[in-house]
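The structure appears below as structure tokens.
Residue numbers (this note's numbering), protein chains in the order written: chain A, 1 to 357; chain B, 1001 to 1205.
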């Protein structure tokens, strides 16, 4: 092949490859050829087909259906493939999430047991939750949510030859993220999900490359592929801390608009002997967990230096207040976890070891 | 760049452009430098060639890309060719050949997609689940020079942060939970030796 023809052919291959890979690498902003998703007028819908109803249907599908899918996860210019298997059998949820080409990490949930295999750390975390917390309900989309998000169905489109409803959940302030969801018309499964910041920039994306909804998934599908020989196992098999006559009750003095505390529990985390207070705040869509534990004695004389971290688009912030280490984690912007963690204050009150609000 | 062209490019990114239009646009890409520059933002192909961790599409793809590069002797040495020509051709041709393989891999992945074509209800009664088995990834030859890896944001969750993430995930909405755990699964891995015994609760970014 002459050089010039070869160059054209090769460039074509590159271009087409880019098109194929583009599904894995979203542009920073919504494509310009489409109507701006966040600005499009909401379609007139019946209550059954209202956008919020589609969110409920999607949540229902994700938590009650059996499914097995392979999807790409994009964040910060990095793309990796993962596989998720989810089964509900006799009221027990089993789930396996595995990285197919990255760290080799696996997360397996079997009822109240959560096991996280970290081959890169040669560590396995096992968290045994109390039976009453094995199926914790997720925040429900309600009128309160609508106050802080603009939820619209902006269009219906075909994705992977499936009819989908494109639902946008746009935050009205800087304290939360938004979503664009491509929800399958017949199954309500989200085939594509984009997490967006306040200005509509895509910061995280998940796209299913394959998805099946089997009636039966064998137990063998929930076995880890990781060989754990030589790994250290960290468990929290000790009983939850017993209530004492009086203890410190932690509360947030102020919260971002729309957030409220929905759960509080005392628990022991894997590999830790000390109990941790776990407070959960939610606005109906986004949630933030705050963990409170006494500062380690060996660190007591060290200055309290607040630290931030990120796990994908989720944020974490750690600080020290009144001799306790406060760590907030949530799928919200960094400023939100920082705000909530910084507002924690202890009050001396009679204790209840575990309660839900 | 006019709006229509930009729209076509966006559609191409979203895999929503008809194949014949895709081909036409690809031809235009080959001669439109401005249009071509937009592809520069997408470093996935280059990352796949370099087998960069986390950025590649998947290991089999990166492996195939490397294999093709290694099996392309004409691109490595061309007897009689001027050194400058070799230097000019090598990255471009290598990337394009690799991209061709990438297309094959992506299309291969899509061919496994049960959503494409048959109605989903057909899978509701499937007794077993089949997932494409990963092809064997050929080992990289010693002669292959790995380009310098650009700096990426470090996201190394400590064991303690992992505990928090797992505990928090129980309270997240299903979509947020999947995002959170996926991000945790794909975050840059550390090693046991890199984790100090009395590490802080949260690693600074």
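Idealized CB from N, CA, C, for every residue including glycine.
Between residue 190 of chain A and the set A:197, A:167, A:261, the nearest pair of CA atoms involves A:167.
At a Cβ-Cβ threshold of 9 angstroms, residue 100 of chain A and residue 70 of chain A count as neighbours. Cβ atoms of residue 231 of chain A and residue 123 of chain A come within 8 angstroms of each other, at about 6 angstroms. Its chain contains 293, 295 as the residues whose beta carbon lies nearer than 6 angstroms to that of residue 325 of chain A, once the 5 sequence neighbours on both sides are disregarded; these appear in chain order. Taking the CA atoms as reference points, residue 196 of chain A sits about 12 angstroms from residue 1176 of chain B.
The alpha carbon of residue 276 of chain A has as its nearest neighbour, out of B:1006, B:1008, B:1163, the alpha carbon of B:1163. Residue contact check for residue 174 of chain A against chain B: no CB pair falls below 9 angstroms. In the DSSP assignment, residue 190 of chain A forms a beta bridge with A:183.
Sixteen is the threshold: when 16 or more other Cβ atoms of the shown chains lie within 10 Å of the Cβ of residue 121 of chain A, as they do, the residue is buried. Runs of the beta strand (DSSP E) spanning 3 or more residues and lying entirely within the region 257-291 of chain A occur at 260-268, 275-282, in chain order. Put simply, the CB of residue 108 of chain A is far from chain B, with every gap to its CB atoms at 9 angstroms or more. Of the candidates A:348, A:313, A:93, A:313 places its Cα closest to the Cα of residue 76 of chain A. Going by C-alpha positions, residue 319 of chain A is about 6 angstroms away from residue 327 of chain A.
Neighbours of residue 1180 of chain B in chain A, taken as residues whose beta carbon is under 7 angstroms from its own, are 311, 312, 314, 331 in chain order. Counted as a single uninterrupted DSSP element, the stretch harbouring residue 222 of chain A is not any alpha helix (DSSP H), since DSSP gives it neither H nor E. Under the Cβ criterion of 9 angstroms, residue 92 of chain A is not counted among the residues facing chain B. The beta carbon of residue 128 of chain A sits no closer than 9 angstroms to any beta carbon of chain B. Flagged as an interface residue toward chain B: residue 80 of chain A, by a C-beta distance shorter than 9 angstroms. A Cβ-Cβ distance of about 11 angstroms is found for the pair residue 254 of chain A and residue 281 of chain A, leaving them out of contact under the 8 angstroms criterion.
Residue-level contact check: residue 255 of chain A does not touch chain B, since none of the beta carbons of chain B fall below 9 angstroms from its beta carbon. Taking residue 218 of chain A as reference, the option from A:234, A:110, A:332 with the minimal CA-CA separation is A:110. With a threshold of 16 other beta carbon atoms within 10 Å, residue 162 of chain A meets it and is buried. For residue 88 of chain A, the enclosing beta strand (DSSP E) covers residues 78-89. Setting aside the 5 residues that flank it on each side, residue 164 of chain A is surrounded in the same chain by 156, 157, 158, 182, 183, 184, 185, 191, 192, each with a C-beta closer than 8 angstroms to its C-beta; the list follows chain order. In chain order, 111 place their CB closer than 7 angstroms to the CB of residue 92 of chain A, counting only its own chain and leaving out the 5 sequence neighbours on each side. The beta carbons of residue 213 of chain A and residue 65 of chain A sit about 6 angstroms from each other, so the pair counts as a contact at 8 angstroms. A Cβ-Cβ separation of about 4 angstroms places residue 343 of chain A in contact with residue 252 of chain A under the 8 angstroms criterion. Counting along the chain, the unbroken beta strand (DSSP E) around residue 311 of chain A starts and ends at 307-311. A residue is called buried once 16 or more other Cβ atoms fall within 10 Å of its Cβ, and residue 95 of chain A is buried on that count. Look at residue 228 of chain A here: in three-state DSSP terms it is coil, with no helix or strand label. Judged by their CB atoms, residue 1159 of chain B and residue 82 of chain A are not nearer to each other than the 9 angstroms cut-off. Against chain A, a Cβ distance below 8 angstroms from residue 1024 of chain B picks out nothing, because the smallest value is about 11 angstroms.
Here the C-alpha atom of residue 104 of chain A lies approximately 20 angstroms from the C-alpha atom of residue 113 of chain A. If you draw a straight line from the Cα of residue 336 of chain A to the Cα of residue 291 of chain A, it is about 15 angstroms long. Nearest Cα to residue 152 of chain A within the set A:267, A:51, A:270: A:51.
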